[in-house]
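Heads up: the structure comes next, in structure tokens.
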Amino acid sequence: MSDNGCGFPAPGLHSFLFKPIATVGGFEFNKVMLLAIVTSLLVVTFFTLAFGKAKVVPGKLQMIGEAGYDFVRRGIVYETIGKKEGEKFVPFMVSLFFFIWIMNIWSVIPLAQFPVSSVIAYPMVLAVIVYVVWVSLTFKKHGFVGFFKNVTGYDKSLGPVLPLVMVIEFFSNLLVRPFTHAVRLFANMFAGHLMLVMFTVASWYLLNSWMVPAAGVSFVMAVVMIGFELFVQAVQAYVFVLLACTYVQGALAKHH
Numbered sequence: 012m013s014d015n016g017c018g019f020p021a022p023g024l025h026s027f028l029f030k031p032i033a034t035v036g037g038f039e040f041n042k043v044m045l046l047a048i049v050t051s052l053l054v055v056t057f058f059t060l061a062f063g064k065a066k067v068v069p070g071k072l073q074m075i076g077e078a079g080y081d082f083v084r085r086g087i088v089y090e091t092i093g094k095k096e097g098e099k100f101v102p103f104m105v106s107l108f109f110f111i112w113i114m115n116i117w118s119v120i121p122l123a124q125f126p127v128s129s130v131i132a133y134p135m136v137l138a139v140i141v142y143v144v145w146v147s148l149t150f151k152k153h154g155f156v157g158f159f160k161n162v163t164g165y166d167k168s169l170g171p172v173l174p175l176v177m178v179i180e181f182f183s184n185l186l187v188r189p190f191t192h193a194v195r196l197f198a199n200m201f202a203g204h205l206m207l208v209m210f211t212v213a214s215w216y217l218l219n220s221w222m223v224p225a226a227g228v229s230f231v232m233a234v235v236m237i238g239f240e241l242f243v244q245a246v247q248a249y250v251f252v253l254l255a256c257t258y259v260q261g262a263l264a265k266h267h
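Its first residue numbered 12, the sequence shown is counted upward by one per residue in the working numbering.
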């Protein structure tokens, strides 16, 4: 019997907490950390196998790797940053896209069944990495004065409202930007996983009660949610990388 007295084990924050698999020197290693490490190994291994011995006539694995690489390069990086400036950022953005996508897709993989990105620490670290790249690029490209103008949206044509705009832009770019970049990914994965768990658990609970027809409806919704989650997982990886490219483009753009 659950705490609410109805017997239904409603999903909540406890669905995102895992007991440690092992503890070494006071450091707890859990399922989410394991999935994050496996994700890194999968991405590195896949692209190593796909391009380690690249051929003029590509094999199946190389063709899949080239299709994924080219999707990010042409569909995101070139479209946002431009071919000339963007080429040097392609490896970074490709790695970011596939790392996030695989982290997300664990949600619908049997036994794993958990999106790593639904733990705020992982999107936050990725957002901080993008933030550091953006800040360092802006300093390198424009110097201190140019950096200040970039992050404050300095534009003399704004007239009397310029000071207010500069304050808002300063806080928006330096404080709010990495937070919203991370939360957008985290919130979508968190909500999606919670809904998926709810319909899955509800199907099992109703199946063991007199409401068997309702269990069927809940099961269908669980299947629908899995399909929807597959779409959202890819979209969120795309959006995260698109925003990262937008920030890089802003760092490289000229400001007057």
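Every residue gets a Cβ at the ideal spot worked out from N, C-alpha and C, and that includes glycine.
Quick caveat: nothing in here was measured; it's all calculated off a predicted structure.
Would you mind giving the Cβ-Cβ distance between residue i and residue j, rounded to the nearest angstrom? I have them listed as a contact below 8 Å.
| i | j | result |
| --- | --- | --- |
| V172 | G164 | Contact flag wrong, Cβ pair sits at about 11 Å. |
| N115 | Q247 | 6 Å |
| V252 | M104 | 5 Å |
| L263 | L122 | Contact flag wrong, Cβ pair sits at about 43 Å. |
| V127 | V43 | 6 Å |
| L60 | L72 | 6 Å |
| F58 | G36 | Not confirmed; about 33 Å, so no contact. |
| I120 | V54 | So it is not a contact: roughly 15 Å between Cβ atoms. |
| Y89 | G97 | 6 Å |
For residue i, report the span of its alpha helix (DSSP H) as first-last.
| i | result |
| --- | --- |
| A123 | Looking at the DSSP string, A123 is not in any alpha helix (DSSP H), and its letter there is neither H nor E. |
| P102 | 101 to 116 |
| K30 | Element bounds for K30: n/a, residue is neither H nor E. |
| A78 | 71 to 83 |
| G97 | 94 to 97 |
Thinking just about the alpha-carbon of each residue, which of the options is nearest to the one in residue i?
| i | options | result |
| --- | --- | --- |
| V194 | D81, V250, F58 | V250 |
| S106 | D81, E96, Q124, I92 | D81 |
| S183 | Y142, L207, M209 | Y142 |
| L137 | L254, F155, A78 | L254 |
| S118 | F58, G203, V146, F108 | G203 |
| Q260 | K151, I92, D166 | I92 |
| K265 | N199, K151, I179 | K151 |
| F242 | C256, L185, M200 | M200 |
| V146 | A132, E39, F181 | F181 |
| I111 | G154, H192, G227, T257 | H192 |
| T257 | I87, F109, V228 | I87 |
| V212 | F38, S229, L169, Q124 | S229 |
| R188 | A132, G157, V139 | V139 |
| L28 | L196, L205, P69, E90 | L205 |
| Q244 | L46, F108, P69, V162 | F108 |
| F210 | G227, F62, F197 | G227 |
Counting along the chain, where does the beta strand (DSSP E) carrying residue i start and finish?
| i | result |
| --- | --- |
| V35 | 33 to 35 |
Applying the 10 Å Cβ sphere with the 16-neighbour rule, what's the burial state of residue i?
| i | result |
| --- | --- |
| G16 | At G16 the pLDDT is 49, less than 50, meaning the model places this residue with poor confidence; the figure from the coordinates comes in the next sentence. It counts as exposed. |
| M236 | buried |
| H267 | Note that H267 has pLDDT 48, beneath the 50 cutoff, so the model's placement of it is unreliable and no number is given. |
| R85 | exposed |
| T50 | buried |
| V130 | buried |
| P174 | exposed |
| S214 | buried |
| V231 | exposed |
| A33 | exposed |
| F190 | exposed |
| T56 | exposed |
| I48 | exposed |
| S13 | For S13, the predicted structure reports a pLDDT of 45, less than 50, and the residue's modelled location is therefore unreliable. The matter cannot be settled from this model. |
| L169 | exposed |
| E39 | exposed |
| K30 | exposed |
Contained alpha helix (DSSP H) runs [length at least 4] in the stretch 144 to 207, N- to C-terminal order
173 to 182
Unbroken stretches of the alpha helix (DSSP H), 4 residues or longer, contained in the stretch 38 to 63
42 to 62
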